[in-house]
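Participant: Residue numbers (the working numbering), protein chains in the order written: chain R, 1 to 385; chain S, 1001 to 1385.
Beta carbons are placed, not taken as given, at the ideal position from N, Cα and C, and that holds for glycine.
The model shown is predicted, which means the values in this text are computed figures rather than measured ones.
One structure, as structure tokens, below. Some questions next.
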């Protein structure tokens, strides 16, 4: 998966020409991730989505800019935590502070999406929401936006929950899969299927079977639906959450001081919410879920190793950012924020250097970086977390 | 070669009892090394011999202390460069400033030894000099001192150049070898041989043949001779150097301001000296060279990999100094002067971290660290050199 990260030439003109950039389409960016897998660059105040690890711009900036031809800043909302809100505001200056929905505490995606749906619906009863993680990379943004526009058209027309299913490129065991059923309809020339089932992360042989069948796609956590429809479905499948959300008055809280952590109603509500994902809480239980297959060079950048996969390597296969000298070394990912990093005779390593900490990791063990974070927590090294 | 670095129990009492700690025995420590192989810890002002890389004490401190039961500080001389003299003085406070012989510029070992011989001879016409590199490790200091004392006895009795030949423990291709000839004599119960030949670094098969024959030892650059004898031999084999040295008046220069770089006679003399090693310039040309075989856990710590060999590893085979977290990693050498270093899933690596630079090196490529230094020189990165 070495797709270029930026779309060089292809234009989004057809989106505008065909009027798909609908004025009721809102972007909801979920930016609540803790990002322990990107230690030592990421930390509590600077999780992965707030870091410039794929390009010179941060991942949340890339996410917002990727939507720009389709959704202007005035219709983009970010759900985030109090620790990160100031930095989000700094990185996305085109957003009004009222467009930041600040959760007092993380409760997984269903409450975050419910909160956003209430806010969006209050501002626009006809709103269609595109829900997007803040920390994914998209190699072909035009293909992505074209799919998003088609999904928005479907969601505007039908009371359904549309998921984007990423066309799989390998028998990956680290993702959930969406199984397509019958064709449900055609919008903007794209076929939508009913979702037959959601599947948890499979074992290797199951994943291989999925790929062969051609009916399975990766679940990227990218969804499109009317705000009113998802609120209705939350009411049907997560009635407790719906009741708690109903105690909030988005307009009122907003008028006072924005939906901030300080909002007493929000804090009280979140204290009573049980964490649950939108996938498990709603999508897997609903019979109104569609999937649109999309091939857009998606990568969730789930680890330093995944970052290596999306960056263009030099002739030795190295991806080097910052002050680096590489001698006889191949297929290394180096990212330094300060100290010079010198490599000698090493292969397939990840080296991340900050002024306070240095990570040296075998690329194939990049998922285990969280063990370092756990060990630092055990040692009480809050200075490095 | 995992010998302990410190001799725990064996006493040097027999040395004193047998009167071998001769009052005419002087120690001459050569501390002119630039230490590029220990970048980024070593640099121009702090070469390897001035760093605490084997123990908590610096290598030159270890070298001086190792001699203590045999040679008191008052008879220890250090040949070093102007850049390092202040730090040498700081690290060896028992030495008088006049015992530091400061070369205006490095000219390899023959001039350094000639200069020291003149100085030592001026202070004690009967002096026997033990010449010792400042940056070697000795696993069994008692065995080392016993050999040194025997060599001193031989050198006091005979007008010969005694080399210590290190009993080889492997077919090393990185060292020069000393080939033993006929037995030359016995002193302090030890057999001394004539040197049949010096051999440059051999190829693998030659090194294996050397080891099998049992007649070859590593040349460690450790020599014992009377100051008057080495001066005589320099006169015979390096007459140009001898003439230049003869223009110096050690007593006079010393009286003024010590033999410092500022000494105008010394600076003028060194400007005219051609660099040459004592091995090539004198030992290989002389017919008065003896060798005493010694097995003392010698290691020249020629690279970070060699340092790993002399340090006691933990249960995972790691040697970790400073603030380190190791997850699923084996046989690593980590030395950090500041930043926390975290290892994940790596094996046989060397990681050295300072506030300004981080080295990540495959242990088997540790000799290539000099290429980093060369590259930094090319880039003009004097901040890191």
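Does any residue of chain R have a CB that is nearer than 9 Å to the CB of residue 1337(S)?
Facilitator: The count along the second chain starts at 1 and reaches residue 1337(S) at position 337. For residue 1337(S), the answer is no, since every Cβ of chain R falls outside 9 Å of its Cβ.
Participant: Going by DSSP, which residues form a beta bridge with residue 361(R)?
Facilitator: Within the first chain, residue 361(R) is the residue found at index 361, counting from 1. Bridge partners of residue 361(R): 350(R) and 1344(S).
Participant: Does any residue of chain R have a CB that is nearer than 9 Å to the CB of residue 1376(S)?
Facilitator: Here residue 1376(S) refers to the residue found at position 376 of the second chain. Closer than 9 Å: yes.
Participant: From this set, 306(R), 355(R), 376(R) and 344(R), which residue's C-alpha is nearest residue 389(R)'s C-alpha?
Facilitator: The question about residue 389(R) has no answer, for chain R in this structure spans 1 to 385.
Participant: Note down the Cα distance separating residue 1270(S) from residue 1053(S), rounded to an integer number of angstroms.
Facilitator: Taking the first residue of the second chain as 1, we reach residue 1270(S) at position 270. Taking the first residue of the second chain as 1, we reach residue 1053(S) at position 53. Rounded to the nearest angstrom, the two C-alpha atoms are 32 Å apart.
Participant: Check the Cβ-Cβ distances between residue 1381(S) and every residue of chain R, and say whether any is below 9 Å.
Facilitator: Locating residue 1381(S) in the second chain gives position 381, counting from the first residue. Yes, because at least one Cβ of chain R sits closer than 9 Å to the Cβ of residue 1381(S).
Participant: Run through chain R and tell me which residues come within less than 9 Å of residue 1328(S), C-beta to C-beta.
Facilitator: On the second chain, position 328 is the one that residue 1328(S) refers to. Correct list: 362, 365, 368 and 371.
Participant: Note down, in chain order, every chain S residue with its Cβ under 8 Å from the Cβ of residue 355(R).
Facilitator: On the first chain, position 355 is the one that residue 355(R) refers to. Under the 8 Å cutoff, chain S gives 1339 and 1355.
Participant: Check the Cβ-Cβ distances between residue 290(R) and every residue of chain S, and say whether any is below 9 Å.
Facilitator: Here the question's residue 290(R) lines up with position 290 in the first chain. By this cut-off, residue 290(R) is not an interface position.
Participant: Please list, in chain order, the chain S residues whose beta carbon lies closer than 7 Å to that of residue 343(R).
Facilitator: For the purposes of this step, residue 343(R) is taken as the residue at position 343 of the first chain. Those are 1360, listed as they occur along chain S.
Participant: Short of 6 Å in beta carbon distance, which residues of its chain neighbour residue 1354(S), apart from the five on each side in sequence? Order them along the chain.
Facilitator: The count along the second chain starts at 1 and reaches residue 1354(S) at position 354. Around residue 1354(S): 1040 and 1337.
Participant: I'd like to know if residue 1319(S) contacts chain R, where contact means its C-beta is closer than 9 Å to some C-beta of that chain.
Facilitator: Indexing the second chain from 1 puts residue 1319(S) at position 319. Interface residue (Cβ-Cβ distance to chain R less than 9 Å): residue 1319(S) is not classified as such.
Participant: So with Cβ pairs under 9 Å, would you call residue 69(R) a contact of chain S?
Facilitator: One-based indexing of the first chain puts residue 69(R) at position 69. Not an interface residue.
Participant: Since residue 359(R) and residue 344(R) should fall inside the 8 Å C-beta cutoff, what is the C-beta to C-beta distance between them, to a whole number of angstroms?
Facilitator: As a working note, residue 359(R) is residue 359 in the first chain. As a working note, residue 344(R) is residue 344 in the first chain. So it is not a contact: roughly 18 Å between Cβ atoms.
Participant: Determine, for residue 1384(S), whether the minimum Cβ-Cβ distance to residues of chain R falls below 9 Å.
Facilitator: What you label residue 1384(S) is simply residue 384 of the second chain in a count that begins at 1. With 9 Å as the cut-off, residue 1384(S) counts as an interface residue toward chain R.
Participant: Just how far apart, CA to CA, sit residue 222(R) and residue 318(R)?
Facilitator: Walking along the first chain from the start, residue 222(R) turns up at place 222. Walking along the first chain from the start, residue 318(R) turns up at place 318. When rounded, the distance between both Cα atoms is 31 Å.
Participant: Count the other CB atoms within 10 Å of the CB of residue 1126(S); is the residue buried (16 or more) or exposed (fewer)?
Facilitator: Residue mapping note: residue 1126(S) aligns to position 126 of the second chain, counting from 1. It counts as exposed.
Participant: Are residue 50(R) and residue 31(R) closer than 9 Å when you measure CB to CB?
Facilitator: Within the first chain, residue 50(R) is the residue found at index 50, counting from 1. Within the first chain, residue 31(R) is the residue found at index 31, counting from 1. Yes, the pair counts as a contact, with Cβ atoms nearer than the cut-off.
Participant: Let me check understanding here. Comparing Cα to Cα, which of 310(R), 76(R) and 83(R) lies closest to residue 46(R)?
Facilitator: Indexing the first chain from 1 puts residue 46(R) at position 46. Comparing Cα positions, the closest option is 83(R).
Participant: Could you pull out every residue in the same chain whose Cβ sits closer than 8 Å to the Cβ of residue 66(R), ignoring the five residues on either side in sequence?
Facilitator: Taking the first chain and counting its residues from 1, one reaches residue 66(R) at position 66. If we look at residue 66(R) and ignore the five residues flanking it on each side, its Cβ neighbours are 138, 141, 144 and 145.
Participant: Chain S beta carbons: is any one of them nearer than 9 Å to that of residue 351(R)?
Facilitator: On the first chain, position 351 is the one that residue 351(R) refers to. Output row for residue 351(R): interface = yes.
Participant: Can you find a CB in chain R that lies within less than 9 Å of the CB of residue 1284(S)?
Facilitator: Position 284 of the second chain, counted from the first residue, corresponds to residue 1284(S). Closer than 9 Å: no.
Participant: Is there a Cβ from chain R that is less than 9 Å from the Cβ of residue 1313(S)?
Facilitator: Translated into the one-based positions of the second chain, residue 1313(S) becomes position 313. Answer no: the Cβ-Cβ gap between residue 1313(S) and chain R never drops below 9 Å.
Participant: Please report the straight-line C-alpha distance between residue 1365(S) and residue 208(R), rounded to a whole angstrom.
Facilitator: Working through the second chain from its first residue, we reach residue 1365(S) at position 365. Working through the first chain from its first residue, we reach residue 208(R) at position 208. Spanning the two alpha carbons is a distance of roughly 40 Å.
Participant: Compute the Euclidean distance between the alpha carbons of residue 1086(S) and residue 87(R), then round it to the nearest angstrom.
Facilitator: The residue labelled residue 1086(S) in the question sits at position 86 within the second chain. The residue labelled residue 87(R) in the question sits at position 87 within the first chain. Rounded to the nearest angstrom, the two C-alpha atoms are 49 Å apart.
Participant: I want to see whether chain R comes within less than 9 Å of residue 1260(S), judged by CB atoms only; does it?
Facilitator: By one-based count along the second chain, residue 1260(S) stands at place 260. Any reading at residue 1260(S) must be qualified, since the residue scores a pLDDT of 47, below 50, and its modelled position is unreliable; the value itself is stated next. No, no contact with chain R.
Participant: Decide yes or no for the touch test of the stretch 199 to 216 of chain R against the stretch 156 to 175 of chain R: beta carbon pairs closer than 8 Å, at least 3 of them.
Facilitator: yes
Participant: Going along chain B in order, which residues have a C-beta closer than 7 Å to the C-beta of residue 1131(S)?
Facilitator: The structure shown contains no chain B; its protein chains are R and S.
Participant: CB residue 1101(S) to CB residue 1078(S), shorter than 9 Å?
Facilitator: For this step, residue 1101(S) is matched to residue 101 along the second chain. For this step, residue 1078(S) is matched to residue 78 along the second chain. For residue 1101(S) and residue 1078(S), yes; Cβs fall inside 9 Å.
Participant: What's the C-alpha gap between residue 198(R) and residue 181(R)?
Facilitator: On the first chain, position 198 is the one that residue 198(R) refers to. On the first chain, position 181 is the one that residue 181(R) refers to. Distance between the alpha carbons of residue 198(R) and residue 181(R) is about 11 Å.
Participant: Cβ atoms of residue 121(R) and residue 224(R): under 9 Å apart, would you say?
Facilitator: Position 224 of the first chain, counted from the start, is the residue given in the question as residue 224(R). Position 121 of the first chain, counted from the start, is the residue given in the question as residue 121(R). Against a cut-off of 9 Å, the Cβ pair of residue 121(R) and residue 224(R) comes out as no contact.
Participant: Considering just the uninterrupted stretch of the beta strand (DSSP E) at residue 111(R), what are its terminal residues?
Facilitator: On the first chain, position 111 is the one that residue 111(R) refers to. First-last for residue 111(R): 109 to 123, but that is the alpha helix (DSSP H), not the beta strand (DSSP E).
Participant: Measure from the C-beta of residue 218(R) to each C-beta in chain S and report whether the shortest distance is under 9 Å.
Facilitator: Counting from 1 along the first chain, the entry for residue 218(R) is found at position 218. Taking Cβ atoms only, chain S never reaches closer than 9 Å to residue 218(R), which makes this a no.
Participant: Can you name the start and end residues of the beta strand (DSSP E) that residue 1222(S) belongs to?
Facilitator: Within the second chain, the letter at position 222 stands for residue 1222(S). It spans 1216 to 1226 - the beta strand (DSSP E) in which residue 1222(S) sits, taken as one unbroken run.
Participant: How many angstroms separate the CA atom of residue 1097(S) from the CA atom of residue 1381(S)?
Facilitator: Counted from its first residue, the second chain places residue 1097(S) at position 97. Counted from its first residue, the second chain places residue 1381(S) at position 381. Distance between the alpha carbons of residue 1097(S) and residue 1381(S): 33 Å.
Participant: Skipping 5 residues on each side, what residues in its chain have a beta carbon closer than 6 Å to that of residue 1192(S)?
Facilitator: For the purposes of this step, residue 1192(S) is identified with residue 192 of the second chain, where counting begins at 1. Closer than 6 Å at Cβ, skipping near neighbours: 1154, 1184, 1185, 1290 and 1292.
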